[in-house]
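Colleague: These protein sequence lines are chains A and B, in that order. If you're matching positions, the first sequence starts at 1 in the numbering used here and goes up one per residue. If you're matching positions, the second sequence starts at 1 in the numbering used here and goes up one per residue. Note that CB positions come from ideal geometry on N, CA and C, so glycine has one too. Here the structure is a predicted model, which means the values were calculated and not measured.
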Amino acid sequence: MNGLHLLGRCFAIGVAWFVVGVPVAAAQDIDARTLGTAGSPLGRPTGDLRRVNPALYAAPTFEPPGEASIPLPIGLLNADFPTLESSDDDFDLIAIADFLWNIPWNLQFGAPEEPSGDVTIRIALDELVIDLRDAKTLVPTEGFAAGGRHSLMTVGNTFDLGARYGTFRLDLFELFVIDDLSLEIDDALQRVLRDAEPVVGGRTYGLDARGVLQTGFTMGLAYAREIPLGRSSARATGDDWLDRYWETERDRPRLWVGAGLRRYFGVSAVDLRTRVDMKGQDPLFGNDGSFTTGLSADLLQGALDGIEGWGRAWGIDLGTLLRWRAWEVGAGVADLGAEMTWDRGRIQRYDFDSERDAFANEVVAEDVRIETPIPTTWRIDVTHRTGATRTVTASIDNGAGDTAYRLAAEEWIRPWFAVRGGVVRDPRGLFQIGTGIGLRKGPVGFDLGIRTHARNVRGNRVGELGLSLVLNPIPRGGP
Amino acid sequence: MKRTLTSALLLAVLAACSGGDVTLEIDVLSFLNDAGAGPDPNATYAYPVPPTGIVIQGIDLIDDREFQLLDSIDDVTVVDEGELTYRVEAVNREGAGRATLKIRLAATREGLDDGASILPDIDLPLLPDSTTTAAGTVDLGSLVEIFANDSAWVRIETDLRVDPGDVVGDSLAGTLWLRRLDVRVVADEDFF
Numbered sequence: 001m002n003g004l005h006l007l008g009r010c011f012a013i014g015v016a017w018f019v020v021g022v023p024v025a026a027a028q029d030i031d032a033r034t035l036g037t038a039g040s041p042l043g044r045p046t047g048d049l050r051r052v053n054p055a056l057y058a059a060p061t062f063e064p065p066g067e068a069s070i071p072l073p074i075g076l077l078n079a080d081f082p083t084l085e086s087s088d089d090d091f092d093l094i095a096i097a098d099f100l101w102n103i104p105w106n107l108q109f110g111a112p113e114e115p116s117g118d119v120t121i122r123i124a125l126d127e128l129v130i131d132l133r134d135a136k137t138l139v140p141t142e143g144f145a146a147g148g149r150h151s152l153m154t155v156g157n158t159f160d161l162g163a164r165y166g167t168f169r170l171d172l173f174e175l176f177v178i179d180d181l182s183l184e185i186d187d188a189l190q191r192v193l194r195d196a197e198p199v200v201g202g203r204t205y206g207l208d209a210r211g212v213l214q215t216g217f218t219m220g221l222a223y224a225r226e227i228p229l230g231r232s233s234a235r236a237t238g239d240d241w242l243d244r245y246w247e248t249e250r251d252r253p254r255l256w257v258g259a260g261l262r263r264y265f266g267v268s269a270v271d272l273r274t275r276v277d278m279k280g281q282d283p284l285f286g287n288d289g290s291f292t293t294g295l296s297a298d299l300l301q302g303a304l305d306g307i308e309g310w311g312r313a314w315g316i317d318l319g320t321l322l323r324w325r326a327w328e329v330g331a332g333v334a335d336l337g338a339e340m341t342w343d344r345g346r347i348q349r350y351d352f353d354s355e356r357d358a359f360a361n362e363v364v365a366e367d368v369r370i371e372t373p374i375p376t377t378w379r380i381d382v383t384h385r386t387g388a389t390r391t392v393t394a395s396i397d398n399g400a401g402d403t404a405y406r407l408a409a410e411e412w413i414r415p416w417f418a419v420r421g422g423v424v425r426d427p428r429g430l431f432q433i434g435t436g437i438g439l440r441k442g443p444v445g446f447d448l449g450i451r452t453h454a455r456n457v458r459g460n461r462v463g464e465l466g467l468s469l470v471l472n473p474i475p476r477g478g479p
Numbered sequence: 001m002k003r004t005l006t007s008a009l010l011l012a013v014l015a016a017c018s019g020g021d022v023t024l025e026i027d028v029l030s031f032l033n034d035a036g037a038g039p040d041p042n043a044t045y046a047y048p049v050p051p052t053g054i055v056i057q058g059i060d061l062i063d064d065r066e067f068q069l070l071d072s073i074d075d076v077t078v079v080d081e082g083e084l085t086y087r088v089e090a091v092n093r094e095g096a097g098r099a100t101l102k103i104r105l106a107a108t109r110e111g112l113d114d115g116a117s118i119l120p121d122i123d124l125p126l127l128p129d130s131t132t133t134a135a136g137t138v139d140l141g142s143l144v145e146i147f148a149n150d151s152a153w154v155r156i157e158t159d160l161r162v163d164p165g166d167v168v169g170d171s172l173a174g175t176l177w178l179r180r181l182d183v184r185v186v187a188d189e190d191f192f
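(1) Does DSSP put E197 of chain A in a helix, a strand or coil?
(2) Under 7 Å, Cβ to Cβ, is there at least one residue of chain D near T120 of chain A?
(3) Would you call the CB atoms of T215 of chain A and S268 of chain A closer than 7 Å?
(4) So, with DSSP's three-state summary, where would you put K441 of chain A?
(5) Using beta carbons (cut-off 7 Å, strictly below), is A124 of chain A in contact with chain B?
(6) So, at 6 Å on beta carbons, what are the nonlocal neighbours of V364 of chain A in its own chain, with the 5 sequence-adjacent residues on each side left out?
(7) Does the Cβ of V183 of chain B have 16 or more other Cβ atoms within 10 Å, making it buried, or fewer, making it exposed?
(8) Is the CB-CB distance between A55 of chain A and G319 of chain A below 7 Å?
(9) Assuming R440 of chain A contacts V470 of chain A (C-beta within less than 8 Å), just tell me the rounded distance between them.
(10) For D123 of chain B, which residues does DSSP report across the bridge?
(11) Note down the Cα distance separating E174 of chain A from G110 of chain A, rounded to an integer number of angstroms.
(12) Starting from the C-beta of R225 of chain A, find all residues in its chain whose C-beta is less than 6 Å away, skip the five residues before and the five after it, and write them out in chain order.
(13) Hey, is the stretch 132-144 of chain A in contact with the stretch 285-295 of chain A, meaning 3+ C-beta pairs nearer than 8 Å?
(14) Give me the Cβ distance between I450 of chain A and G459 of chain A, rounded to the nearest whole Å; I'm assuming they're in contact under 8 Å.
(15) Starting from the N-terminal side, write out each stretch of the alpha helix (DSSP H) that is 4 residues or longer and does not extend beyond the stretch 29-77 of chain A.
(16) Is there at least one Cβ from chain A nearer than 7 Å to V185 of chain B's Cβ?
(17) So does the stretch 142-154 of chain B actually touch the stretch 89-96 of chain B, counting three or more Cβ pairs closer than 8 Å?
(18) Would you mind stating whether P140 of chain A and S468 of chain A have Cβ atoms separated by less than 7 Å?
(19) In this structure, does DSSP put R461 of chain A in helix, strand or coil?
(20) To the nearest angstrom, report how far apart P65 of chain A and N157 of chain A are at their CA atoms.
(21) Could you compute how far the alpha carbon of W314 of chain A sits from the alpha carbon of S395 of chain A?
(22) At what residues does the beta strand (DSSP E) containing L267 of chain A begin and finish?
(23) Please classify R250 of chain A as buried or exposed, where buried requires at least 16 neighbouring CB atoms within 10 angstroms.
(24) Looking at the strands, I want to know which residues DSSP matches up with N472 of chain A.
(25) From the DSSP output, read off the bridge partner residues of P128 of chain B.
(26) Do you know offhand how far V154 of chain B's Cα is from D121 of chain B's?
(27) Tell me whether I121 of chain A is buried or exposed, calling it buried when 16 or more other Cβ atoms sit within 10 Å of its Cβ.
(28) Evaluate V185 of chain B with the Cβ neighbour count: other Cβ atoms within 10 Å of its Cβ, from every protein chain shown; 16 or more gives buried, anything less gives exposed.
(29) Could you tell me whether the Cβ of L24 of chain B comes closer than 7 Å to any Cβ of chain A?
(30) Comparing the C-beta of G36 of chain B with each C-beta of chain A, is any distance below 7 Å?
(31) Near R455 of chain A, which residues of its chain fall below 6 Å by C-beta distance, leaving aside the five closest residues on each side in sequence?
(32) In this structure, how does DSSP classify D126 of chain A when only helix, strand and coil are distinguished?
(33) Tell me, please, which residues DSSP counts as bridged to Y205 of chain A.
(34) What are the boundary residues of the beta strand (DSSP E) that L321 of chain A is part of?
(35) In terms of residue numbering, what span does the beta strand (DSSP E) encompassing F159 of chain A cover?
(36) Which residue's Cα is closest to the Cα of L107 of chain A: A:T61, A:P45, A:D29?
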C-alpha cells in the first residue's frame, strides 16, 4: 500500500466518521421505558440530566425509590453482524457505519434500504462529472457537526444535608471522552456532489474539516438547594387550619438552583484542521491538464510528557428548577466556558506538494500552548404532572452540533399498568415516535418500548423494540 | 502525476459512500484534440480519391494518441467490464464504396501494434452525395484491463474501398467524421 493509498483510506474512514458521527441528542436508548417515550426521560433525574442541570441534585424526585431497571439485549440474539474482512464480497463500509451507529441492542425491524452504492464519474478533457446517485443524499447541505461529551465512568457521591444546608455532589473521578467533528463544504463542491454539476476550469472547490478527540478525567463539586419563595399564609385559627396550611403549602411555588465546578485533567488530545481545495484551468485533464488538489492540514496534539503536560480546564454547570402546582420548568447548562489548555502542545503542518506528488510536513511549533474546545450543552424542559399517574413533558436538548426537540407523556391507567408515548424531532429534522407500556405487578415488572429512529447512514426511518426487566417494581398512584 | 491526490481523495470519497460499482465514462474524443495537436476533433479525415477497385488500407484516422484516465485508479479498483460506444459519420460527395474502421486500444504505445488490441471492425457504407452513419457499442472484452491504468492509447485506422462494378475511373471523395468515442468501464471498488 503506498502512502497515497493509505491517505485515501484514512480519508475514507474520516468521511465515514463524519457521516456517522455520534450525535448526543440522537444517542441510542436501551432502556425500554425511555424507548417508549422516544428518548424523553420524563423528568427522571438521570446522571446526565443532573450534570446539565445541577439543581436536580436537591429537588425531590417523583420516582419511587428502590426500583431497578435492567435493559435486556433482545436484539443481539438475532443481529446480523457486518463483516470486517475487506476481501469478503459482503464487506460494506456503510453497513459497518450503520452497525456502529445503531448497535442492535434492541430488536430491529424495517431495515434501512440497501444502498445502491453505484456511482459514475465522467471524465473529459475539460470536464469532470461525479454522479453519486443515491449516495448524494449523504452529502450534507448545511455543513455537518456531530460529537459530544461521553462519560465512561464516574466515582462520586451525593450528600443531602437537608433544606437548610442544601445538597452537595462530589465527583472524585469521572473518565470522559470528547469528540467534536465538523465539516463545511463550499457551495460549488456541494453542487458537484449533490447535483452532479460538472467541475469546470477557473473555479475552486473546497471543504474544511475539523475533528477533535480528547480524553482525560475530571473532578467536580456541585451544590444545589431550594430558594424559599414566600411562606404559607394560613393561620392557626379554626378547626381546619392544618388542612388549609398544607393546601396553601402545596400551591406555593418552589425554586431550586444548582451550580457545579468541574476541573478537567486532559490526558491526550488530537485536533486536526484540514482544508482541501480543488481547482484548475481548462483543460482540466490530459497532458497539459491543470486540475490539482491542494490539501493543507494542521495537526495539534496535546499529550502527557511524564507527569507534565496535562490539559486543564474549568467547566461551570448551572441549573434551575421551578415547581408550581402541577408544573415544573427546568433549565441548565453544562461546561460553560470550558476550553482545554495544553502547555506542551505540538503543531505539525502537512501540505501536499502537487508537483512532487508527495506530502511535505514540518513541525511548526513544539512545547507551545494550544487550546481544544469542550462543547457546551444545555437543556430546557417543561413538565406537567397530574398526581402520580400522569406526566407530560417537553424538552429541548442542545449538544455538540445538534438539537433535539421532544414531547412525551406517561399515564398509569392502573397502579400497576402504564401506557406511554412520545415524539422527537431528531437532529436530521425527522420526527420519530415512540410508544410503550409498563407493568408493575408481582415480584418483577417489565417495560416494553417501541420507537422509530433514523440512526443509519441513509437516514431511513426504521423501528426498534426494547424490553427491560424491573426489579422491586412499585405500583404508582395507589395500592 | 500531479493529479494523483485528486484521484486518491475522489475515489476515497466514492469508496466511503459506496459499496458498489464505480462506473468511469471517458470522453476519449475530447482528449484527442489535446493541446491543439490534432485537427478539429470531429473532422477526422478528408479522404482522398482512390482509383476504382483499389483498396487503401491503414489510413490513420487517429494516429497513436494517449488519453487520460484517473491516476492511481488501479490502487482502488478492480476493473470488471467495459464497452466502447462510437458514432462515425461519412459525408460522401463522389462515388460509392465502403469504409472499414479499426479501433485499437492498448495500455502502451507499443501495445497498439499488437493484433490483440483491435476491436471488431466497423463498416460504414459510402453513397454518392449522401451522409451515412455507423453507431454502436462494442464490448471491450479482455481489453478492459488496460483501463486499470493512469492512461491508455488509441489508434483508429480505416480502409477505403470503391465498390466493384463502378464505372472505371470513378472515385471516392468526402469526409469521415468521428462524432463520438466514449469508453465506459465498470470498476469494482477494491479500496478496503
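Modeller: According to the structure data:
(1) Looking at E197 of chain A - three-state DSSP - the assignment turns out to be coil, as it is neither helix nor strand.
(2) Here chain D cannot be found, since the structure's protein chains are A and B.
(3) A distance below 7 Å separates the beta carbons of T215 of chain A and S268 of chain A.
(4) Three-state result, K441 of chain A: coil.
(5) It does: the Cβ of A124 of chain A has a partner Cβ on chain B nearer than 7 Å.
(6) I347, R349, listed in sequence order.
(7) Of the residues assessed, V183 of chain B falls on the buried side of the cut-off, its CB having 16 or more other CB atoms within 10 angstroms.
(8) Yes, these two residues count as a Cβ contact at 7 Å.
(9) Confirmed, Cβ separation roughly 7 Å.
(10) Beta-bridge partners assigned by DSSP to D123 of chain B: B:T100.
(11) CA-to-CA, the gap between E174 of chain A and G110 of chain A works out to about 38 Å.
(12) Excluding positions up to five away in sequence, the list reads A58, G166.
(13) Because the criterion of three Cβ pairs below 8 Å is not met, the stretch 132-144 of chain A and the stretch 285-295 of chain A do not touch.
(14) Incorrect: roughly 20 Å between the Cβ atoms, too far for contact.
(15) As far as the stretch 29-77 of chain A is concerned, its whole alpha helix (DSSP H) runs of at least 4 residues are 32-36, 47-52.
(16) Answer no: the Cβ-Cβ gap between V185 of chain B and chain A never drops below 7 Å.
(17) No, the stretch 142-154 of chain B does not touch the stretch 89-96 of chain B.
(18) No.
(19) Reduced to three states, the DSSP call for R461 of chain A is coil.
(20) Straight-line Cα distance between these residues: approximately 17 Å.
(21) One C-alpha to the other measures close to 27 Å.
(22) The sequence as given places Val at residue 267 of chain A; Leu does not occur at that position. Where V267 of chain A is concerned, the enclosing beta strand (DSSP E) stretches over 254-280.
(23) Answer is exposed; the Cβ neighbour count stays below 16.
(24) None, per the DSSP bridge assignment.
(25) Its beta-bridge partners do not exist; DSSP assigns none.
(26) Put simply, the backbone Cα of V154 of chain B is about 15 Å away from that of D121 of chain B.
(27) The residue in question, I121 of chain A, is buried, as its Cβ has 16 or more Cβ neighbours within 10 Å.
(28) V185 of chain B comes out buried.
(29) Under the Cβ criterion of 7 Å, L24 of chain B is counted among the residues facing chain A.
(30) The predicted position of G36 of chain B is uncertain, since its pLDDT is 40 and thus under 50; a value taken from the coordinates is nonetheless stated next. Output row for G36 of chain B: interface = no.
(31) So the qualifying residues of the chain are W101, N102.
(32) Here D126 of chain A sits in coil by DSSP.
(33) The beta-bridge partner set that DSSP reports for Y205 of chain A consists of A:M278.
(34) Unbroken beta strand (DSSP E) run through L321 of chain A: 311-324.
(35) If you look at F159 of chain A, you'll find it in the beta strand (DSSP E) that goes 144-160.
(36) Per the Cα distances, A:D29.
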